[in-house]
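Take a look at the structure set out below.
2 protein chains.
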Amino acid sequence: MDESVNLAFQFEPALIEEIEAFGELRSFKDGELIMDYGKYIRMMPLVVKGTLKVLKKDDNGNEILLYYLSSSETCSMAYSCCLEEKKSVVKAIAEGDLQIIAIPHNKLDEWLCKYPSWKNYIMRSFNERFSELLKSIESIAFHKLDDRLIAYLKEKKRLSGSSLVKASHYQIADELATSRVVISRLLKILENNGKILLYRNEIKLLQGFDA
Amino acid sequence: MDESVNLAFQFEPALIEEIEAFGELRSFKDGELIMDYGKYIRMMPLVVKGTLKVLKKDDNGNEILLYYLSSSETCSMAYSCCLEEKKSVVKAIAEGDLQIIAIPHNKLDEWLCKYPSWKNYIMRSFNERFSELLKSIESIAFHKLDDRLIAYLKEKKRLSGSSLVKASHYQIADELATSRVVISRLLKILENNGKILLYRNEIKLLQGFDA
DNA sequence: TTTCTTGTGTAACATATGTTACCGACGCCC
DNA sequence: GGGCGTCGGTAACATATGTTACACAAGAAA
């Protein structure tokens, strides 16, 4: 665990020792649940490797993608949930292979005043998560679906490092909270405009896709 | 300032003394700006009396209401902004007469480890703000405009304590990020259904409005 | 091979929301 | 009173998105 912790997070040495002592390295496979609606959260996940996505559901069961977390990031909503022993209002799912360090909830608060680098990390995370949520709101409130779809595909490309995005129209529709037919329609338009190529379960982003 | 601080926030005595020493009581009138886009934030506002609303704008100038803050609440986004000396990405406006205590940014961090009641307050605020943002996302993503309009009117009633909501169709349209014509249309439908009465700059919510 | 499941393409239609234009009502100020 | 700006009502139309239905293709399973 040593190197991975050292690498990305830039914690002070004493804190890294504590993390090694109390943190638990966990692995997840694609689609496995890290957090779920209504479950109590007893640890905060630090992403070591891979990506996870965070979703929100409403009363009617509609789900929407909030944001992705990748290396060295964390879900700060989990943080305040832990402190107040609340149930999770979001779901977190591994997107591909994922490794996290689970920090037990009783350490979170203890470290806050003990290690400045921990406090900074937590505060920075809060800020980043706020930004993500604001970006989501902006996207949903002001952008049409085709723009959101393009942004979605770009994000997938960024996270995977490949311009071949693996996803069915169904999945995309779910994460953007719309229907499959609509996504197929918009994708087809993008294809006709020479932006992408469509295959079964795969979408190839071509040059000039971002334009 | 004494009583007001004591009342709502439930801080420990030593912290209240510090707040009295370093906090600055400020008053705003309806419509006055507390924070604005792109401005650096050097203090965190604790709401003592009245209500303020927090808005977000996108690149094209479209604005949307994020949430309201009232007594004993605070904008925790300001908190992390202060720490990292960032510019504000939101705007805060007084809704009616408003009193806040402005906490200077250099105290925020200092108090965090010094006063447990401060830390708890900050963490609780983070959590509440996350909840508000998630509620916003849910509302925008899953609910039709008529539902959002009803929720908006209810919130206005809750905050003002009066079932006579003072607002022009224009203002409402702005805050819900739509157009005046659309709001007029929906309000008229509500009136025809016996839920509300429409006057110039005023909307009367009738019995059974929530149903 | 056949069968089954899942994914995709497409049409036709329903609905919500955005847009433009115009009119009249109200309140304010001179 | 008369002029003026803001506000609200309404129609007509444009567009984006949601919905349903059906056909076919690709791959998995039998």
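The listed protein sequences correspond, in order, to chains A and B. Letter 41 of the first sequence, counting from 1, is numbered 41 in the UniProt record's numbering, and no numbers are missing. Letter 202 of the second sequence, counting from 1, is numbered 202 in the UniProt record's numbering, and no numbers are missing. Glycine included, every Cβ here is placed at the ideal spot set by N, Cα and C.
Item                                                                                                                         : Value
Minimum Cβ-Cβ distance from A/L133 to chain B less than 8 Å                                                                  : yes
Own chain, CB closer than 7 Å to B/S139, minus 5 neighbours either side, in chain order                                      : R148 and A151
Spatial distance of B/C81 from A/I196 (CA atoms)                                                                             : 39 Å
Other residues of its chain near A/V89: CB distance less than 6 Å, five sequence neighbours each side excluded               : none
8 Å Cβ cutoff met for B/Q10 and B/G50                                                                                        : no
Cβ-based burial, A/N127 [other Cβ within 10 Å; buried from 16]                                                               : buried
Whether A/I137 touches B/I183 by CB criterion (8 Å)                                                                          : no
Uninterrupted beta strand (DSSP E) stretches inside the segment 128 to 181 of chain A (no shorter than 3 residues)           : 164 to 166
Supposed close pair A/H143, A/R42 - CB separation, criterion 8 Å                                                             : Not a contact, Cβ separation roughly 37 Å.
Cβ of A/C75 within 8 Å of any chain B Cβ                                                                                     : no
B/E95 - partner residues in DSSP beta bridges                                                                                : B/T51
Chain B contact for A/V89 (CB, 8 Å cutoff)                                                                                   : yes
Identity of the residues DSSP links to A/F28 by a beta bridge                                                                : A/L98
Inter-stretch contact at 8 Å, needing at least 3 Cβ pairs: the segment 55 to 69 of chain B / the segment 15 to 30 of chain B : no
A/I122 versus A/N201 - alpha carbon distance                                                                                 : 37 Å
Where B/A141 meets chain A, residues with beta-carbon distance less than 7 Å                                                 : I64, I140 and A177
Interface residues of chain B facing A/E84 [CB-CB closer than 8 Å]                                                           : M123, R124 and N127
Straight-line gap, A/L186 to B/I34 (C-alpha atoms, nearest Å)                                                                : 42 Å
Closer than 8 Å to chain A by CB, B/K56                                                                                      : yes
Proximal chain A residues relative to B/I137, where beta-carbon distance stays under 8 Å                                     : K56, I64, L66, L133, S136, I137 and I140
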